[in-house]
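The numbering used here numbers the first residue of the sequence shown as -8 and each following residue consecutively.
Glycine included, every Cβ here is placed at the ideal spot set by N, Cα and C.
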Amino acid sequence: MSQKFQHSSSILIVSAMLAMTLACASRGTAPTQPQSPVEPGPVIATIDGEAIHLSAVDQWLKDDWMSGIAKDPAQLYQLRRAGIDGVIDDLLVDRAAAQDGLSSDAYLDKKTAALGPVRDTEVGEFYERNKDRLRPSESIDKLRYKIRAFLEGDRSARVINELREAAKIDILITRPANPPAKRQRVPAGGAARGPVDAPITIVEFSDYQCPFCRQAEDTIQQLDALYPGKLRIEYRHLPLDFHANAIPAAKAAICAGNQNQFWEYHLLLFGNQKALGPESLLSYATKLDLDSAEFKACIAAPETLARVNKDIALARSLGVSATPTFFVNGITLRGAPPTKAFRAIIDRELAQ
């Protein structure tokens, strides 16, 4: 069949994995009978008069790519597992289409049409469910077409899922054992809370103007509640160049910390991300009854900026360039992972 019907999770996995390696052509249709010999294709080079055919180059690329992937068993498993889902989906659609006397494309079009068109209310509901993960500039009007296209694709996935539920599918490939986690040594420093001898240390590189950092703050609060007395949280500043208020906010947090109010001020900054101008930073200090003169002098002091720059230099030495980035006992977590991602590492560390 000309169109490929892949499981939605498979598409996401394959796209992500291929983006990290090599852009390759889409996989072929699942074979239901022995394939005919591959045509050599046109001659695309010669060496001493000997022809080099396109098919030979394509095969070399496939072999080279697979040999690279094979060095990472987890990545190879994810690709193969996604490929299995894709092959199964194609076979199920081919089989159902043949029973209805239709082509695979026509069958899927018929089934998705029966579900009705994507309604405007569905687009709006999808946007509302996901808008916290979007940039402020990404309005529903800008994303409406993309959301509608995604939801239309999701209808195809629903049709395929019904076929999968009616079939007896056994997946025999097994997941490889997880390799030991790679750790980096992150020196102590910066604002910290929790027992010094806590079994788990979480170091966060963050930016007060970063929306994903604000989201991650909620996750850290949840972890504090889930693991009382077991976590030491350390905050490091990594203000990004394109956030105009990030460095002033970082300096203000350091100055609040000099008056033993770092975490209180920290929460005010994340709770008021759209108000991080100079007057707002001073108003938060007043709200916490900080010494105003001392606070202003601290912000102006070159030593304060030097402390921010020290954190930035540390981030670079660790290969950190985006916020938020976490180190859980030295194990890297990037972005704003869900609570379960942290818990998987924390529980494993506590069990050792």
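{"Item": "Under 8 Å between the Cβ atoms of Val299 and Pro230?", "Value": "yes"}
{"Item": "Give the secondary structure of Leu309 by DSSP, where H, G and I count as helix, E and B as strand, and everything else as coil.", "Value": "coil"}
{"Item": "Report yes if the C-beta distance between Gln200 and Ala237 is below 8 Å; otherwise report no.", "Value": "yes"}
{"Item": "Going by CA-CA distance only, name the one from Ile75, Gly144 and Leu259 that's closest to Thr165.", "Value": "Ile75"}
{"Item": "Just to check my reading of the structure: Tyr218 and Ile191 have Cβ atoms closer than 8 Å, yes? What is that Cβ distance to the nearest angstrom?", "Value": "7 Å"}
{"Item": "Verify whether the separation of the beta carbon atoms of Asp123 and Thr314 is less than 8 Å.", "Value": "no"}
{"Item": "Looking only at C-alpha atoms, which of Glu195, Pro186 and His234 sits nearest to Gly220?", "Value": "Pro186"}
{"Item": "Which residue wins for smallest C-alpha separation from Asp161, given the options Arg72, Asn169, Arg149 and Thr330?", "Value": "Arg72"}
{"Item": "Opposite Leu134 in the DSSP bridges: which residues?", "Value": "DSSP output for Leu134 lists no bridge partner at all."}
{"Item": "Going straight from the alpha carbon of Val319 to that of Leu309, what length do you get?", "Value": "14 Å"}
{"Item": "Arg298 by DSSP, collapsed to three states: which one?", "Value": "helix"}
{"Item": "List the endpoints of the continuous beta strand (DSSP E) containing Tyr226.", "Value": "Leu222 to His228"}
{"Item": "Please list, in chain order, all residues of the same chain as Leu345 whose beta carbon is under 8 Å from its beta carbon, the five residues on each side excluded.", "Value": "The structure shown does not extend to residue 345, since the chain spans only -8 to 343, so no value can be given for it."}
{"Item": "How far does the beta strand (DSSP E) with Ile35 in it reach, from first residue to last?", "Value": "Val34 to Ile38"}
{"Item": "Give, in chain order, every unbroken run of the alpha helix (DSSP H) that is at least 4 residues long and sits entirely within the segment 78 to 110.", "Value": "95 to 105"}
{"Item": "Please classify Thr295 as buried or exposed, where buried requires at least 16 neighbouring CB atoms within 10 angstroms.", "Value": "buried"}
{"Item": "Just the Cα atoms here: how many angstroms apart are Asp39 and Pro33?", "Value": "17 Å"}
{"Item": "Quickly, what does DSSP pair Thr314 with across the bridge? List them, please.", "Value": "Thr314 pairs with nothing; no bridge assigned."}
{"Item": "Against chain D, with Cβ distances strictly below 8 Å, would Val177 count as a contact?", "Value": "Given the protein chain composition of this structure (a single chain), no chain D is represented."}
{"Item": "What three-state label does DSSP hand Ser271 in the structure shown?", "Value": "helix"}
{"Item": "For Asp338, collect the residues of the same chain with a Cβ closer than 6 Å to its Cβ; drop the 5 residues on either side in sequence, then sort them by chain order.", "Value": "none"}
{"Item": "Please classify Val48 as buried or exposed, where buried requires at least 16 neighbouring CB atoms within 10 angstroms.", "Value": "exposed"}
{"Item": "If the criterion is Cβ atoms closer than 8 Å, does the pair Ile151 and Phe117 meet it?", "Value": "no"}
{"Item": "Taking 8 Å as the limit between beta carbons, can you name the residues of its chain near Ala292, skipping five residues before and five after?", "Value": "none"}
{"Item": "Using 10 angstroms around the beta-carbon of Gly375, count the other beta-carbons present and answer buried if the total reaches 16, otherwise exposed.", "Value": "Only positions -8 to 343 of the chain appear in this structure, which leaves residue 375 out of reach."}
{"Item": "Taking Cβ to Cβ, would you say Arg223 is nearer than 8 Å to Ala189?", "Value": "yes"}
{"Item": "Pro239 to Asp111, Cα distance in whole Å?", "Value": "42 Å"}
{"Item": "Assuming Gln252 and Leu281 make a contact with CB atoms under 8 Å, what is their CB distance in whole Å?", "Value": "6 Å"}
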